[in-house]
Amino acid sequence: VQLQASGGGVVRAGGSLRLSCKASGDSISDYFMGWYRQTPGKAREAVATISSRGTTDYADSVKGRFTISRDNAEGTVDLQMNSLNSEDTAVYYCYTRGTIYLYREIWGQGTQVTVSS
Numbered sequence: 001v002q003l004q005a006s007g008g009g010v011v012r013a014g015g016s017l018r019l020s021c022k023a024s025g026d027s028i029s030d031y032f033m034g035w036y037r038q039t040p041g042k043a044r045e046a047v048a049t050i051s052s053r054g055t056t057d058y059a060d061s062v063k064g065r066f067t068i069s070r071d072n073a074e075g076t077v078d079l080q081m082n083s084l085n086s087e088d089t090a091v092y093y094c095y096t097r098g099t100i101y102l103y104r105e106i107w108g109q110g111t112q113v114t115v116s117s
């Protein structure tokens, strides 16, 4: 499977953005999916994940502001980001670690999110 992220951009603090990850090459219905982010000099961190059954998990820093969702029919995983602040500025990456039957890590290309004050 290949992952293509889109939707990044520049937004003012307090604003919203929606990132989308489009998968190709395979159905993602059994895949564990997620969004990570990285800033210069820091390790990549998990932002939000969603299991094949739709169970979600969020980093404490984004709980209540971000929402991850998936559309298996469309092969997409979206990240709705609200109430953005400067600490959300990062490169965001779509990610999968495969299925319960086959573990494999795949990263999409990053998409830049910049929150201006």
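In terms of the working numbering, the sequence shown opens at residue 1 and continues consecutively.
Ideal Cβ positions, reconstructed from N, Cα and C, are used throughout, including at glycine.
Exercise. Is there contact between the segment 9 to 22 and the segment 41 to 54, where contact requires at least three CB pairs shorter than 8 Å?
Worked result: No, the segment 9 to 22 is not in contact with the segment 41 to 54.
For this session: Go ahead and pull the three-state DSSP assignment for Asp26.
Result: The residue you call residue 26 lines up with position 26 of the sequence shown. Three-state result, Asp26: coil.
For this session: Just the C-alpha distance for Arg122 and Lys63, rounded to the nearest angstrom, thanks.
Result: The requested residue 122 does not occur in the structure, where the chain is confined to residues 1 to 117.
For this session: State whether the segment 79 to 93 contacts the segment 103 to 117, with contact taken as three or more CB pairs (one from each stretch) at a distance under 8 Å.
Result: Contact between the segment 79 to 93 and the segment 103 to 117 is established, with three or more Cβ pairs separated by less than 8 Å.
For this session: With a floor of 3 residues, list each beta strand (DSSP E) that falls wholly inside the segment 57 to 103, ordered by position along the chain.
Result: As far as the segment 57 to 103 is concerned, its whole beta strand (DSSP E) runs of at least 3 residues are 66 to 71, 76 to 81, 90 to 98.
For this session: Take Arg104 as the anchor and find which of Ser24, Tyr31, Val10, Val11 has the nearest alpha-carbon.
Result: For the purposes of this step, residue 104 is taken as residue 104 along the sequence shown, with counting starting at 1. That would be Tyr31, whose Cα lies nearest to the Cα of Arg104.
Exercise. How about Met33 and Val1: are their beta carbons less than 7 Å apart?
Worked result: As a position in the sequence shown, residue 33 is number 33, starting the count at 1. As a position in the sequence shown, residue 1 is number 1, starting the count at 1. It is not a contact, given that the beta carbons lie outside the stated cut-off.
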